[in-house]
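Notes to accompany the following structure.
Residue numbers (the UniProt record's numbering), protein chains in the order written: chain U, 1 to 284; chain A, 1 to 284; chain R, 1 to 284; chain C, 1 to 284.
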């Protein structure tokens, strides 16, 4: 495969699209996907482009270099360039909840997630049997007030050792440390069990039940230092009624959580997400 | 028609359902709908019952009286008893937004709302032509800091004059006064243009846009003294994406607002709603 | 636990609800759920009732016997009576698709499915490793034109041996034989990968793509002799657009299939479904 | 306003995007929207582009001419070119149903439909008062077996007289004649009251009720000679349950019909739809 994905983000200027597409012509590529968007109020330009080089004498690596030194510089772009032949490597962080973990591992086994999963890290040892069931290395890295620095150090070491590109928090019940967030900026995906910004923080289903909402939700977002305030990737909802107890909310919510998290993982893995101003641009 | 609807709400006790259904047998009624629900944690019992008296020698009025003096007293019930032959009389309050007003009047003309609409009241004179277009009396009752008491007095007089049973705020941009709320407790339906409890108060679409949500919503609820905190009747949502501007949010939101409000009106008109603990029980 | 669930289905008659609820009073039960519905055109009466006997000197078994010989006979009812303490035993039939199987087994491991899963039966040997991963007996029962009778015989033996109450076809790619259907009438749940009655039969995603629909769906239903014509239990849908290929339809569809099938399993396991006239009544 | 919308559709070739965007640079335009899609199996290329000429010395008309004689010819494109300053003129065809008509006229009055509505045509005289209520010319053009040719002739005359660009069938209960379809190819929008391809033809709610579906739908599509087989523009769905009668289906369906039809009108009016192979490409 000689396909690549290019994500661009810069201030809007005349002639950007022409410049990029001329560049593709020059390197003998064939555009198989191009979506471009301008947020006029903020004069921001976004583009996602997929290109096939199978009839070109250029390689993905050489095109990348060429792009970097010409167009990218000229228009002062933020850009990301991915070889579609390389699967991103994803670490899973879990605590004690099993539903998202089973879902991710089941989907991965079924070939529905376009990622490698080299490692699972947990602050508890409880879910080790599930990791073993799916033959994935599992590390118990306890994380408490007393050993916070040690725990973070161990996490970062493991992530480096397994060459992890992004992290999924599959209902991981710990705050991520600022240092880890800064290393994996917009690369840590959380699933929050409410329709954010409604019910941030702990026990959202209990709060939703108490408020008497008719719809509950789940939200996947990138982790930032502000709890439950990071860029939203995907949300979905489910109807509830007065016949549902808090336990029903939790059970229905699990379905939302796993589905929304899986969608976020795939969007990230397929490089369909750009972030700016604490928001995401999600290309289809 | 000799049908009635009975709504019951009391502390849960053994034998309630048997007592009520035996009562229906006694009065020669035929149960055509019965839904009953217990919230175990709070030991609360709810029931909605529809009964046909067409083969009975009792009348709706006599059954009501009998029920009141026997079962209702015995079980210390909160209850409501409605003759299905009588349409509730609904007042519409509007300001300047036209979309919900057109929708309500169009549906009413099409026979989709089981209510009478004897009067429209507004703090502006702008929408008078729409009222005239649909031949409904329109009153301009200005409402400012200076004439608040006078305005409220005028509103209450009009509501009494037109024998109004409940009020719909069709994007009415004024706070309802506590006195009016107390007269029409759980009988004033508002439509809020967000997925409550997210984005209460002013400009929710702008806040939703800023937060970068992927789903927007609308919420109909009964008006209480706490702004946007009353019992939720119905909610619905619509997907948005990065290509949508605030204006798109507003436009998509209008569709939610009119649909959710219309559903709430019908649920209320068909006596399918009970309220307790600032929540609604919505029977299907 | 001394709770039971009662499902009733008979022609509508005056006094049924009173008779049933009086019976519950007699046996000192406490009604914790009652939903009742009449289809007037067909004069059919449905009821679902949950009852708590914890403060009664009667047992579930004795109440059942008493009910059978009195009310049930008197009103000529079709009825089902379940001890809530006994989990139904579910067999899974699979072929080669893994996504529904992983989903069911993951949910079961997470405590989300209120069933026992004593056995998995397949016409291929491919998914044996998954069964082993979850420690569930797996039987390869090939099923071709030549050994149809033998295959059916083996299936029926296994179902008897494992005391199976109902069967789930987790994308099982074989026609169920009439004999097996007659043994498990309204007890075999299939998931069809379209929004029935649109696109019955083979390759529905390809047909949906060709037709250019904007929404795809999945349908769980009880298996009857008419292919994809049995009583529908649950359906759900997902939006698609022109950017989606058939492969995208299939991928999105997998999410629908597993969710809709899991909901159907739980509805069946919790005895929330009645069937009549090739339709289901699904209590909430 | 000097904005235009360009829709392109041709066989996929290297360098198309570059050629088009270079052209925009040449005419000093600023691309404010560009979405491009390739259906690889069929080697088809689609593009939608919005361009702002406010800082250009070219006019929309001159750019159009230039485009026609250069790029469009060179790549053998099917293309449409619209001045955003000109609202399309829409005729409404109705019979006796009022809900879609009220909805369209209410939305139009509220400024939610970006069209002119110069005329309403009906095969019955019943809805004339609604047209009068909204001050829109109404023509009663009866349409029966005997006067088919005469009726069609009158319709075509009126459409010409009012310079109609596209037609909306707001639950118009007549077959459109082949001649009219050929004049307004992909310019007649119908709303069908089912989730196509399920339940084409007459009485779809009755069929849906009989089949026991759990979800009903509505479908807007362009009219072709094959009944209910034209390119689908938009669909939406609503949940139903065993408590709902056919009348409930019809009532819930009305909500779907008006919403789905309004979306289709806006997508068409904003030139967001391309058609090919009896399917639509709907740009967002």
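Glycine included, every Cβ here is placed at the ideal spot set by N, Cα and C.
So that I know if they touch, is there some Cβ in chain C lying closer than 9 angstroms to that of residue 46/R?
Position 46 of the third chain, counting from 1, holds the residue named residue 46/R. Answer yes: the Cβ-Cβ gap between residue 46/R and chain C drops below 9 angstroms somewhere.
Would you call the CB atoms of residue 218/A and residue 236/A closer than 9 angstroms?
Here residue 218/A refers to the residue found at position 218 of the second chain. Here residue 236/A refers to the residue found at position 236 of the second chain. Against a cut-off of 9 angstroms, the Cβ pair of residue 236/A and residue 218/A comes out as a contact.
Neighbourhood of residue 165/C by C-beta distance below 6 angstroms, restricted to the same chain and skipping five residues each side:
As a first step, residue 165/C must be located in the fourth chain, where it is residue number 165. The residues are 88, 89.
State the start and end residues of the unbroken alpha helix (DSSP H) segment that holds residue 198/R.
Counted from its first residue, the third chain places residue 198/R at position 198. That residue, residue 198/R, is in no alpha helix (DSSP H); it is neither H nor E in DSSP.
Residue interval of the beta strand (DSSP E) (run including residue 236/U):
As a working note, residue 236/U is residue 236 in the first chain. Judged by DSSP secondary structure, residue 236/U falls within the beta strand (DSSP E) whose first and last residues are 232-239.
Over the uninterrupted alpha helix (DSSP H) stretch that includes residue 173/U, give me the two end residues.
By one-based count along the first chain, residue 173/U stands at place 173. Run containing residue 173/U: none; DSSP gives neither H nor E here.
Assuming residue 2/C is part of the beta strand (DSSP E), what are its boundary residues?
As a working note, residue 2/C is residue 2 in the fourth chain. Residue 2/C -> no beta strand (DSSP E), and no H or E assigned at all.
What beta strand (DSSP E) runs, 3 residues minimum, are completely inside the UniProt domain "ACT" (5-88) of chain C?
Whole beta strand (DSSP E) segments, 3+ residues: 30-39, 44-52, 78-83.
Name the residue from 175/R, 244/R, 239/R, 268/R whose alpha carbon lies nearest to the alpha carbon of residue 256/R.
In the third chain, residue 256/R corresponds to position 256, counting from 1. When each option's Cα is compared against that of residue 256/R, the closest is 239/R.
Among 202/U, 146/U, 122/U, which has the Cα closest to the Cα of residue 167/U?
Here residue 167/U refers to the residue found at position 167 when the first chain is read from its first residue. Comparing Cα positions, the closest option is 122/U.
Under the rule that 16 or more other beta-carbon atoms within 10 Å means buried, what is residue 214/U, buried or exposed?
Position 214 of the first chain, counted from the start, is the residue given in the question as residue 214/U. Flag for residue 214/U reads buried.
Within 7 angstroms of chain C by C-beta, residues of the stretch 236-266 of chain U in sequence order
Of all residues in the stretch 236-266 of chain U, none has a Cβ within less than 7 angstroms of some Cβ in chain C.
Interface positions of the stretch 93-104 of chain A facing chain C (Cβ-Cβ less than 7 angstroms), listed along the chain:
Cβ contacts with chain C come from 98, 99, 102, 103.
Minimum C-alpha distance to residue 34/R - residue among 50/R, 59/R, 43/R:
Reading the third chain from its first residue, position 34 is the one you call residue 34/R. In terms of Cα proximity to residue 34/R, the closest of 50/R, 59/R, 43/R is 50/R.
For residue 222/C, collect the residues of the same chain with a Cβ closer than 6 angstroms to its Cβ; drop the 5 residues on either side in sequence, then sort them by chain order.
The residue you call residue 222/C lines up with position 222 of the fourth chain. Residues 186, 230, 231 of the same chain have their beta carbon placed closer than 6 angstroms to that of residue 222/C, with the five preceding and five following residues left out of the count.
Taking a contact to mean a Cβ-Cβ separation below 9 angstroms, would you say residue 116/U touches residue 178/U in this structure?
Position 116 of the first chain, counted from the start, is the residue given in the question as residue 116/U. Position 178 of the first chain, counted from the start, is the residue given in the question as residue 178/U. No, the pair does not count as a contact, with Cβ atoms beyond the cut-off.
Mind listing which residues of the stretch 102-126 of chain U have their C-beta closer than 7 angstroms to chain R's C-betas, in chain order?
Look at the stretch 102-126 of chain U: the residues with a C-beta under 7 angstroms from a C-beta of chain R are 102, 103, 106, 109, 110, 112.
Only counting the same chain, and skipping five residues up and downstream in sequence, which positions put a Cβ closer than 8 angstroms to that of residue 74/C?
Numbered from 1 along the fourth chain, position 74 holds the residue referred to as residue 74/C. Taken in chain order, the residues that qualify are 19.
By the DSSP assignment, the alpha helix (DSSP H) with residue 260/U in it spans what residues?
Translated into positions along the first chain, residue 260/U becomes position 260. Residue 260/U -> alpha helix (DSSP H) spans 246-269.
Applying the criterion that 16 or more other CB atoms from any shown protein chain within 10 Å of the CB defines a buried residue, is residue 220/C buried or exposed?
In the fourth chain, the residue the question calls residue 220/C occupies position 220. It is buried - the Cβ of residue 220/C has at least 16 other Cβ atoms within 10 Å.
Hey, how far is the Cα of residue 253/A from the Cα of residue 196/A?
Counting from one through the second chain, the residue named residue 253/A turns up at place 253. Counting from one through the second chain, the residue named residue 196/A turns up at place 196. Between residue 253/A and residue 196/A, the C-alpha separation is close to 14 angstroms.
Taking residue 231/A as the query, report the chain U residues whose CB atoms sit under 8 angstroms from its CB, ordered along the chain.
Taking the second chain and counting its residues from 1, the one referred to as residue 231/A is at position 231. The answer, in chain order, is 212.
Other residues of its chain near residue 267/A: CB distance less than 8 angstroms, five sequence neighbours each side excluded:
One-based indexing of the second chain puts residue 267/A at position 267. 233, 234, 273, 282, listed in sequence order.
Any idea if residue 204/R is buried or exposed, counting beta-carbon neighbours within 10 angstroms, 16 or more meaning buried?
As a working note, residue 204/R is residue 204 in the third chain. The residue in question, residue 204/R, is buried, as its Cβ has 16 or more Cβ neighbours within 10 Å.
Between the C-alpha atoms of residue 119/A and residue 7/A, what's the straight-line distance to the nearest angstrom?
As a first step, residue 119/A is located in the second chain; it is residue number 119 there, counting from the start. As a first step, residue 7/A is located in the second chain; it is residue number 7 there, counting from the start. C-alpha separation (whole angstroms): 28 angstroms.
Smallest Cα separation from residue 54/A: which of 72/A, 201/A, 84/A?
Locating residue 54/A in the second chain gives position 54, where the first residue counts as 1. Of 72/A, 201/A, 84/A, the smallest CA-CA separation from residue 54/A is found for 84/A.
Below 8 angstroms, how does it come out for the stretch 128-148 of chain C and the stretch 104-116 of chain C: are there three or more Cβ pairs, yes or no?
Taking a cut-off of 8 angstroms on C-beta distances, the stretch 128-148 of chain C touches the stretch 104-116 of chain C, as three or more cross pairs fall below it.
Below 7 angstroms on C-beta distance, what does residue 17/A contact in chain R?
Stepping through the second chain from its first residue, residue 17/A is reached at position 17. Those are 21, 31, 34, listed as they occur along chain R.
Compare the C-beta of residue 138/A against all C-beta atoms of chain C and say whether one is closer than 9 angstroms.
Here residue 138/A refers to the residue found at position 138 of the second chain. No, no contact with chain C.
Boundaries of the beta strand (DSSP E) in which residue 99/C is found, first to last residue
Counting from one through the fourth chain, the residue named residue 99/C turns up at place 99. First-last for residue 99/C: 99-109, but that is the alpha helix (DSSP H), not the beta strand (DSSP E).
At 8 angstroms on the CB atoms, spell out the chain U contacts of residue 133/R, in chain order.
Looking up residue 133/R in the third chain gives position 133. For residue 133/R, the neighbours in chain U by C-beta distance under 8 angstroms run, in chain order, 133, 134.
Could you tell me the distance, in whole angstroms, from the CA atom of residue 126/A to the CA atom of residue 139/A?
If you number the second chain from 1, residue 126/A lands on position 126. If you number the second chain from 1, residue 139/A lands on position 139. Inter-residue distance for residue 126/A and residue 139/A is about 11 angstroms (C-alpha atoms, whole angstroms).
Take the Cβ of residue 212/C as the centre, count every other Cβ of all protein chains shown within 10 Å, and call the residue buried at 16 or more, exposed below.
Position 212 of the fourth chain, counted from the first residue, corresponds to residue 212/C. By the Cβ neighbour-count rule, residue 212/C is buried, with 16 or more other Cβ atoms within 10 Å of its own.
In chain A, which residues lie with their C-beta within 9 angstroms of the C-beta of residue 193/C?
Residue mapping note: residue 193/C aligns to position 193 of the fourth chain, counting from 1. Within 9 angstroms Cβ-Cβ: nothing; residue 193/C doesn't reach chain A, min ~15 angstroms.
What residues in its chain sit with their C-beta under 8 angstroms from that of residue 70/U, if we drop five residues either side in the sequence?
Along the first chain, one-based indexing puts residue 70/U at 70. So the list reads 23, once near-sequence residues are dropped.
Contacts of residue 284/U in chain R (Cβ-Cβ under 9 angstroms)
If you number the first chain from 1, residue 284/U lands on position 284. Scanning chain R for C-beta atoms nearer than 9 angstroms to the C-beta of residue 284/U yields 241, 243, 244, reported in chain order.
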